[in-house]
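Heads up, the thing below is written out as structure tokens.
Number of protein chains: 2
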Amino acid sequence: MSLSHALLGLLALAPASGYELAKEFEGDIGRYAWQAGHTGIYPELAKLAERGLVQVTEHGPRGRRTYDITAAGRQELRSWLLSPAERGGTVRNEQVLRMFLISALEPADARRMLQGIAERTAQDAAELRGVLAKGADPGRGARAGFGLLAAEFGLRQYDAVHEWALWALDQIPEDAQAVAAPTVRGLV
Amino acid sequence: MSLSHALLGLLALAPASGYELAKEFEGDIGRYAWQAGHTGIYPELAKLAERGLVQVTEHGPRGRRTYDITAAGRQELRSWLLSPAERGGTVRNEQVLRMFLISALEPADARRMLQGIAERTAQDAAELRGVLAKGADPGRGARAGFGLLAAEFGLRQYDAVHEWALWALDQIPEDAQAVAAPTVRGLV
DNA sequence: TATCGACATGTCAACTATGAAATGTCACTG
DNA sequence: CAGTGACATTTCATAGTTGACATGTCGATA
């Protein structure tokens with residue numbers, strides 16, 4: 001399962017509680033790579049602890065348990081990351097699915113959607129660029145490296161989608177009545 | 001659920017049997033957007049038919065049932081695509097997760113992974129470019145528009161990841177012992 | 001000191017998805 | 001005409017995910 005490896009990866013950067021990890025998944029990692037809520041995280045941490053891949057290193061206030069990765073956990077993570085990496089693995093992205101299905105819309109609607117995408121990606125990219133420019137740590141302390149790589153990845157992703165949307169707009173005739181390339185079975 | 005919308009979208013482009021739809025998910029849509037196997041598709045088609053969003057338009061050999069989208073189905077699809085589109089939606093991508101977790105590796109391993117990514121994305125992009133150059137239909141007949149948009153999306157995706165990997169390689173000191181930027185807690 | 005919001009974990013039912021296995025048809029080829 | 005491979009669907013047990021609900025602590029502030 002990928003969630004377990006995501007947790008190992010985060011803990012490999014710095015020890016954390018389940019609560020903190022849940023927060024982490026609300027950031028870039030949850031936006032681009034893998035989502036998880038606390039309801040899935042806590043039980044998974046328990047399983048990892050059982051398998052000796054992580055361990056509780058600190059009991060804090062409010063029943064807080066700080067987990068850290070073990071040597072065995074690092075080994076497991078490393079072998080997973082360096083292994084096959086072969087074919088796809090899980091892929092599930094609702095936003096991208098929407099983009100793919102654009103061709104199912106009539107040209108006018110399709111253009112509307114693409115324009116929305118172009119705008120949103122431009123905004124998102126600008127915002128991210130702003131955060132990065134501020135030199136502001138894009139990823140708290142110990143996860144600085146992670147945050148940088150992730151932020152740059154996100155940035156390039158936004159730019160790529162933005163450019164794609166502009167290109168796609170160019171492919172679809174402005175005049176809904178037009179003939180041209182992208183043959184689409186219109187609405188009824 | 002997104003699967004239902006994915007099916008509506010594909011059927012909006014052309015009628016198809018569950019078997020054909022399953023094949024479709026092995027292509028670009030499954031690679032970038034949404035995975036599904038036939039075991040999930042058949043029951044979902046039945047549910048959609050029950051809700052009147054699709055209907056069987058033809059009974060072929062071997063019990064084949066060709067489905068087509070209905071007017072109600074088109075409406076549902078359109079409103080889903082044009083609606084909010086707001087916050088994320090489901091995101092789950094094992095490959096991207098691997099990229100994010102690279103920072104958890106020691107520099108030497110990280111560089112190895114990044115090099116692998118750079119190579120693979122270059123290959124994939126080249127292959128796709130080849131297919132597109134051949135003018136070969138990148139998406140059979142009725143789905144030509146879909147295939148084009150998807151192929152171009154994939155191409156830009158590969159290029160973006162490729163460039164990112166090269167950038168990331170530049171961030172990680174070649175000398176495993178080096179100091180520099182991306183602070184990483186090394187292997188034990 | 002009462003209250004509020006962030007911190008922190010947990011349970012559970014419902015839903016979704018995946019893999020293995022089964023079953024049978026049809027077209028083609030040797 | 002037997003065999004093979006693509007076509008085509010189904011069932012089912014297991015595993016993974018989500019949302020709703022529950023519970024309680026701690027620190028700051030009004």
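Residue numbers (the working numbering), protein chains in the order written: chain A, 1 to 188; chain B, 1 to 188. Yeah, the Cβ is synthetic: ideal placement off N, Cα and C, and Gly gets one too. Model, not experiment: these values are computed from the prediction.
Partners in chain B for residue i, counting only beta-carbon separations shorter than 8 Å
| i | result |
| --- | --- |
| E24(A) | The premise fails here: E24(A) is roughly 11 Å from chain B at the closest Cβ pair, so nothing lies under 8 Å. |
| Y32(A) | V91, N93, V96, F100 |
| I29(A) | L97, F100 |
| R112(A) | L82 |
| H38(A) | Ordered by position in chain B, no residue passes the 8 Å Cβ test against H38(A), which lies about 17 Å from the chain. |
| G52(A) | Near G52(A) there are no residues of chain B at all, since even the closest Cβ is about 15 Å away, more than 8 Å. |
Per-residue contacts from residue i into chain A (C-beta, under 8 Å)
| i | result |
| --- | --- |
| E163(B) | R156 |
| M1(B) | Chain A residues near M1(B): none, gap ~10 Å exceeds 8 Å. |
| A160(B) | R156, Q157, D159, A160 |
Distance between residue j and residue i (C-alpha atoms, nearest Å)
| i | j | result |
| --- | --- | --- |
| Y32(B) | E152(B) | 12 Å |
| L148(B) | L81(B) | 19 Å |
| L53(A) | I69(A) | 6 Å |
| V131(A) | A150(A) | 13 Å |
| L21(B) | P173(B) | 47 Å |
| D175(B) | R92(A) | 37 Å |
| G141(A) | G30(B) | Bear in mind that the predicted position of G141(A) carries a pLDDT of just 49, short of 50, making it unreliable; the figure below should be weighed with that in mind. Going from the Cα of G141(A) to the Cα of G30(B) covers about 36 Å. |
| S103(B) | G88(B) | 24 Å |
| E44(B) | T66(B) | 14 Å |
| W167(A) | L10(A) | 37 Å |
| H5(B) | E94(A) | 10 Å |
| G73(B) | P15(B) | 13 Å |
| D28(B) | E163(A) | 19 Å |
| D124(B) | A165(A) | 21 Å |
For residue i, the residue or residues it bridges with in DSSP
| i | result |
| --- | --- |
| Y67(B) | A16(B), V56(B) |
| W34(A) | R92(B) |
Reference residue i; option with closest CA among the options
| i | options | result |
| --- | --- | --- |
| S2(A) | V131(A), V56(A), G40(A) | G40(A) |
| Q35(A) | I172(B), E76(B), V96(B) | V96(B) |
| E76(A) | P107(A), W167(A), L8(A) | L8(A) |
| D170(A) | G154(A), D124(A), A108(A) | A108(A) |
| A46(A) | P61(A), S17(A), R129(A) | S17(A) |
| R98(A) | G116(A), A125(A), Y67(A) | G116(A) |
| T90(B) | E163(A), G37(A), H162(A) | G37(A) |
Contact set between residue i and chain B, taken where Cβ atoms lie within less than 9 Å
| i | result |
| --- | --- |
| Q35(A) | G88, T90, V91, R92 |
| R6(A) | First, the residue type needs correcting, since residue 6(A) is Ala and not Arg in the sequence shown. Those are L97, F100, L101, listed as they occur along chain B. |
Under 7 Å from the C-beta of residue i: neighbouring residues of chain B
| i | result |
| --- | --- |
| S103(A) | L13, G145, F146, L149 |
Chain A residues whose Cβ lies nearer than 7 Å to that of residue i
| i | result |
| --- | --- |
| G63(B) | In chain order: nothing, as chain A lies at least about 26 Å away. |
| G73(B) | Going along chain A, no residue has its Cβ under 7 Å from G73(B), so there is no contact; the nearest lies around 10 Å. |
Where residue i meets chain A, residues with beta-carbon distance less than 9 Å
| i | result |
| --- | --- |
| E152(B) | W164, W167, A168, Q171 |
For this session: Answer yes if the segment 103-121 of chain B comes into contact with the segment 153-162 of chain B, meaning at least three C-beta pairs across the two stretches below 8 Å, and no otherwise.
Result: yes
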